[in-house]
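Undergrad: My structure is below; once you've seen it, I'll send some questions.
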Amino acid sequence: MPFCDLCSNIPWEELPTVPQDLACNLTGHKYIQPVLRWPQGVRGYEHHQTLDALRQSALSCGLCSLICSSANNVQEELEKLKPKWEAKEAYPYEWPTYKLFVVKRREGGDGCWVMSFVDGDGERTKRREKKGVEEAWIIAALGLCVREGDPLQEVIKGRPVEDRADSSKAFTRSHKWLHECDEHATCKPPQTILPSRIIDVGLPGDPKVRLWEPVPEGTVGNYVSLSYCWGKSQEFTTTRATMEARKAGITISDMPATYQDVVKLTRELGLRYLWVDSLCICQDELADWERESAKMLSIYSNAYLTVSATRAKDSSEGFLGPRIDRTFVELEYIRGGLHGQALAFNLPLHQELVKHTYIKLPDEPLSQRAWSLQERVLSHRVLIFGSDQIYFECNEGLQGEDGLCLEMRHDCAHKSLESEEFGKRGPWLKGLTVNQRPKRELLRGWYNMLWQYGPRELTRATDKLPAISGIAGLYADKIGDEYLAGLWRSQLHEGLMWQSLRFRRVKDYRAPSWSWASGDGIPASGQIVDFTEIAVILDAKVTLKGKNPFGEVTDGYIKLRAPMERLFMKTENWDPDAPGRYKYDNNIKMKTEHGSQSGPNSRFDFAFTADDAPQEAKRIVKSLEGVDIFALVIFRSSPWEADVAKDEGLYHALIVRKVDGTETYQRLGFLLATKGELGREPETEDKTGFPTITLV
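Under full-length UniProt numbering, residues 1 to 696 are what the sequence shown spells out, in order.
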């Protein structure tokens, strides 16, 4: 397909770059990607100036066709959302003008972004004009790659993604990545001690593999660990009854597709050993499962390579099959005196703007599973088989077949806890070493991981704590602290005040009510920069179900002395079904005896943004009729700098009630209140006069 004059004359190597220090608006939408604070007057190569002109050109121009397909997605998403913001049920956006200009792609690989500005006359536009900035939108993002053997292969890293992940070219790329990492990086585990059981994959052509058990302690060998989705049912396992048969030999063709694929890949990479949990852990023997699952830290940390079957939703699907089709447009391209044929293709807009989304792969089946988080975090190197392409991740960053190249990786225990890298996360950390760094700073990574881990799915609900126990064990070793059902003894004040986002408690007991592990969803937990402790922690203890100190618990308590304020729900004029932009506003308000009449919004532990939130809110309020509930004040955070003159810090409190028939209390939610809303200043009072209660 020929190109229009505008596309034919794109000065690829002279395109201006995206300005530095831009902010993005995290809209939560797939195609609406505003870029804030774009300097006024800064433009790139001028392209079509209306959406109609682009659409007309797309009928005969290959590049315009790529750009237009993305622009249409932007327009369709806006049109779909427009009725919601007209009804004031969603945030209103100012529409792009579709006056397009082209700039060089911001990191990540070769290619470009196609930008447009918004055209508004409201207050937001006026405020931006005063600051000399504008709001630009990414309308399309194009990547560039070249075929093997093209003269440009020396300067353009990306290659067309093969139709199948088991093609010879795909295997060659995977082997090349691993070899280059071995030669030039320090990502390999310091030692590769084999686990107590391992699969010997044998040689290519052998129709069987064998379970080697027991492996002599201290045996050294390079092995692959598999990270994958089991699925709803898993029949191909090792049990006490099948143990000897597995040791005698397992016919590969009898195995699920994912197992067959990882055996094939392990052999292609020239490796001999493979660890798969369902085969290397005795699945019908609780003591064996508990002992071996507690070793996840060492198993994934010691693996020479972890293979992540990210695209497969269960073990029967495999991961070496066909990939998502891409549309490539060929164009003549010159760089550094080299002339060749480049291939342009569309890139996802959200991932281009928010690069860590490439790394998180949020839409892939394995990214929804709880166990897979620690499997990736604990691994030194990961070969990721996604729906669209293969990625290789190590301490040097993340790279993909199509040329994606990022100098960052997913949170990794072997990198984030190293002083040099950790210091890059913010200027306040630079110059600190691991031994000198306060526990608070080290635990930032832990809280970040809880945000990712909380909403992930489990086949067995009781695995909530075991499935992150490897990461917990690593942090416990680094910070020298005691782990209490997901919280840390030295940070109990902040730990208790996790905020339930999209949170649902589970029916069966698996953790105390004060632990985020008592439910599923995001436990927005973090560290307050500056606060005054009000509650006094007197004692805390959990009872373990087994021997894993980071695994399942059967009960637990925290005994503390803290001020309590009786809470009264303000049901008058409360309507949880009321339309509005922010669902938080529909939470029922509370009042204390001496606090202001307005009162703060409550935050009971439920999914207050979910579709069924109004019904759940009504159920909770109904269940608490005639029940005494209290604000248990834990600490007071210092005011933001802008509010210092107003002296307006916030009290952070748990909403609690007494457990029927006992003298203990359980958490129902949390509350943030000003001094006026609380009606007292407990930090100025004698702490010995506060009541002593036990949370369970």
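Beta carbons are placed, not taken as given, at the ideal position from N, Cα and C, and that holds for glycine.
DSSP state of H179, grouped into three classes?
TA: Counting from one through the sequence shown, the residue named residue 179 turns up at place 179. If DSSP states are grouped into helix, strand and coil, H179 belongs with the helices.
Undergrad: If we ignore side chains and look at the alpha-carbon of each, how far apart do F635 and G454 end up?
TA: The count along the sequence shown starts at 1 and reaches residue 635 at position 635. The count along the sequence shown starts at 1 and reaches residue 454 at position 454. So the two alpha carbons sit approximately 24 angstroms from each other.
Undergrad: Going along the chain, which residues of its own chain have a beta-carbon closer than 8 angstroms to the beta-carbon of S316, five neighbours each way excluded?
TA: Residue 316 sits at position 316 when you count from the first residue of the sequence shown. Excluding sequence neighbours, S316 sits near G231, P256, A257 and T258.
Undergrad: Run through DSSP, which three-state label would D628 get?
TA: Taking the sequence shown and counting its residues from 1, the one referred to as residue 628 is at position 628. The answer is coil: DSSP assigns D628 none of H, G, I, E or B.
Undergrad: Am I right that R381 and C187 are in contact with their C-beta atoms under 8 angstroms? What's the rounded C-beta distance?
TA: Here residue 381 refers to the residue found at position 381 of the sequence shown. Here residue 187 refers to the residue found at position 187 of the sequence shown. About 5 angstroms separates the two Cβ atoms, so the contact holds.
Undergrad: For a quick check, are the C-beta atoms of R409 and N395 less than 8 angstroms apart?
TA: In the sequence shown, the residue the question calls residue 409 occupies position 409. In the sequence shown, the residue the question calls residue 395 occupies position 395. Yes, these two residues count as a Cβ contact at 8 angstroms.
Undergrad: From W289 to R197, what does the alpha carbon distance come to, in whole angstroms?
TA: Here residue 289 corresponds to residue number 289 of the sequence shown, with the count starting at 1. Here residue 197 corresponds to residue number 197 of the sequence shown, with the count starting at 1. Approximately 12 angstroms, taken between the alpha carbons.
Undergrad: Quick one: which unbroken alpha helix (DSSP H) runs of 4-plus residues sit fully inside the segment 105-145? Chain order, please.
TA: Listed in chain order, they are 123-131.
Undergrad: For the pair the segment 378-393 and the segment 275-286, tell me if three or more CB-CB distances fall below 8 angstroms.
TA: With the cut-off at 8 angstroms, the segment 378-393 and the segment 275-286 do not touch.
Undergrad: So, at 7 angstroms on beta carbons, what are the nonlocal neighbours of G426 in its own chain, with the 5 sequence-adjacent residues on each side left out?
TA: Here residue 426 is taken as the residue at index 426 of the sequence shown, counted from 1. Since pLDDT at G426 reaches only 33, below the 50 mark, its modelled position is unreliable, and no value is offered.
Undergrad: Straight-line CA distance for L100 to H48?
TA: Residue numbering aside, residue 100 sits at position 100 when the sequence shown is read from its first letter. Residue numbering aside, residue 48 sits at position 48 when the sequence shown is read from its first letter. Their backbone Cα atoms lie some 6 angstroms apart in a straight line.
Undergrad: Cutting at 7 angstroms between CB atoms, please list the residues of its own chain near P322, excluding the five before and the five after it.
TA: For the purposes of this step, residue 322 is identified with residue 322 of the sequence shown, where counting begins at 1. Within the same chain, P322 has close Cβ partners D163 and R164.
Undergrad: Please classify T306 as buried or exposed, where buried requires at least 16 neighbouring CB atoms within 10 angstroms.
TA: On the sequence shown, residue 306 is found 306 positions in, with the first residue counted as 1. Answer is buried; the Cβ neighbour count reaches 16.
Undergrad: Judging by CA-CA distance, which residue of E135, L560, R335 and I471 is the nearest neighbour of C301?
TA: Position 301 of the sequence shown, counted from the start, is the residue given in the question as residue 301. One point to set straight first is that residue 301 is Ser, not Cys, in the sequence displayed. Nearest C-alpha to S301: I471.
Undergrad: Quick one: what does DSSP say L501 is sitting in, helix, strand or coil?
TA: Locating residue 501 in the sequence shown gives position 501, where the first residue counts as 1. DSSP places L501 in strand when its eight states are reduced to three.
Undergrad: How about the segment 124-144 and the segment 168-175: do they share at least three Cβ pairs that are nearer than 8 angstroms?
TA: No contact exists between the segment 124-144 and the segment 168-175.
Undergrad: Closest to C282 by C-alpha separation, out of G270, T237, G249 and F3, would be which residue?
TA: Stepping through the sequence shown from its first residue, residue 282 is reached at position 282. When only C-alpha atoms are compared, the closest one is T237.
Undergrad: Who pairs with G669 in a beta bridge, going by DSSP?
TA: For the purposes of this step, residue 669 is identified with residue 669 of the sequence shown, where counting begins at 1. F604 and I655, per the DSSP bridge assignment.
Undergrad: In chain order, what residues of the same chain have a beta carbon less than 7 angstroms from the beta carbon of L501, not counting five sequence neighbours either side?
TA: What you label residue 501 is simply residue 501 of the sequence shown in a count that begins at 1. Closer than 7 angstroms at the Cβ level, and outside the excluded window around L501, lie G521, I522 and A524.
Undergrad: Between N601 and K591, how many whole angstroms is the CB-CB distance? I'm expecting something under 8 angstroms.
TA: Along the sequence shown, read from residue 1 onward, the residue named residue 601 stands at position 601. Along the sequence shown, read from residue 1 onward, the residue named residue 591 stands at position 591. Not confirmed; about 11 angstroms, so no contact.
Undergrad: Short check: CB of H652 to CB of L672, under 8 angstroms?
TA: Here residue 652 corresponds to residue number 652 of the sequence shown, with the count starting at 1. Here residue 672 corresponds to residue number 672 of the sequence shown, with the count starting at 1. Yes, Cβ-Cβ distance for H652 and L672 is below 8 angstroms.
Undergrad: Can you give me the C-alpha to C-alpha distance between L338 and F328, rounded to a whole angstrom?
TA: On the sequence shown, position 338 is the one that residue 338 refers to. On the sequence shown, position 328 is the one that residue 328 refers to. Rounded to whole angstroms, L338 to F328 spans 21 angstroms at the Cα level.
Undergrad: Please confirm whether A540 and I528 have their CB atoms less than 8 angstroms apart.
TA: If you number the sequence shown from 1, residue 540 lands on position 540. If you number the sequence shown from 1, residue 528 lands on position 528. Going by C-beta atoms, A540 is not nearer than 8 angstroms to I528.
Undergrad: Between K622 and C405, which are expected to be in contact by the criterion C-beta below 8 angstroms, what is the C-beta distance as a whole number of angstroms?
TA: Here residue 622 refers to the residue found at position 622 of the sequence shown. Here residue 405 refers to the residue found at position 405 of the sequence shown. Actually they do not touch by this definition, with Cβ atoms about 55 angstroms apart.
Undergrad: For Y557, does the three-state DSSP call read helix, strand or coil?
TA: Numbered from its first residue, the sequence shown carries residue 557 at position 557. Correct three-state label for Y557: strand.
Undergrad: Inspect the beta-carbon positions of G495 and W488 and report whether they are closer than 8 angstroms.
TA: Locating residue 495 in the sequence shown gives position 495, where the first residue counts as 1. Locating residue 488 in the sequence shown gives position 488, where the first residue counts as 1. Cβ distance < 8 angstroms, so G495 and W488 count as in contact.
Undergrad: Once DSSP output is grouped into helix, strand and coil, what is the label at C24?
TA: Within the sequence shown, numbered from 1, the residue matching residue 24 stands at position 24. C24: strand per DSSP, three-state reduction.
Undergrad: So what's C64 in DSSP terms, helix, strand or just coil?
TA: As a first step, residue 64 must be located in the sequence shown, where it is residue number 64. The answer is helix: DSSP assigns C64 an H, G or I state.
Undergrad: How many whole angstroms separate the CB atoms of E330 and Q341, which I take to be in contact at a CB cut-off of 8 angstroms?
TA: One-based indexing of the sequence shown puts residue 330 at position 330. One-based indexing of the sequence shown puts residue 341 at position 341. Contact holds; Cβ gap of about 5 angstroms.
Undergrad: Is the number of C-beta pairs between the segment 89-98 and the segment 112-123 that are closer than 8 angstroms three or more?
TA: Cβ pair count under 8 angstroms is three or more, so yes.
Undergrad: Roughly how many angstroms separate the alpha carbons of H29 and R440, rounded to a whole number?
TA: The residue given as residue 29 occupies position 29 in the sequence shown. The residue given as residue 440 occupies position 440 in the sequence shown. Those two C-alpha atoms are separated by around 33 angstroms.
Undergrad: Okay, do the segment 348-368 and the segment 200-218 touch, 3+ Cβ pairs below 8 angstroms being the bar?
TA: They do not touch, by the three-pair rule.
Undergrad: One question on the structure: do P579 and A617 come within less than 8 angstroms of each other, judged by their Cβ atoms?
TA: If you number the sequence shown from 1, residue 579 lands on position 579. If you number the sequence shown from 1, residue 617 lands on position 617. In this structure, A617 does not lie closer than 8 angstroms to P579 by Cβ.
Undergrad: What's the call for R159, buried or exposed, on a 16-neighbour Cβ count within 10 Å?
TA: Taking the sequence shown and counting its residues from 1, the one referred to as residue 159 is at position 159. Its Cβ being crowded by 16 or more others within 10 Å, R159 is buried.
Undergrad: With a threshold of 16 other CB atoms inside 10 Å of the CB of D605, please say whether the residue is buried or exposed.
TA: Position 605 of the sequence shown, counted from the start, is the residue given in the question as residue 605. Buried, by the Cβ-count rule.
Undergrad: Look at the alpha carbon of G423 and the alpha carbon of A413, and state the distance between them as a whole number of angstroms.
TA: For the purposes of this step, residue 423 is identified with residue 423 of the sequence shown, where counting begins at 1. For the purposes of this step, residue 413 is identified with residue 413 of the sequence shown, where counting begins at 1. Low local confidence applies: a pLDDT of 32 at G423 is under 50, so the model's placement there is unreliable, and no value is given.
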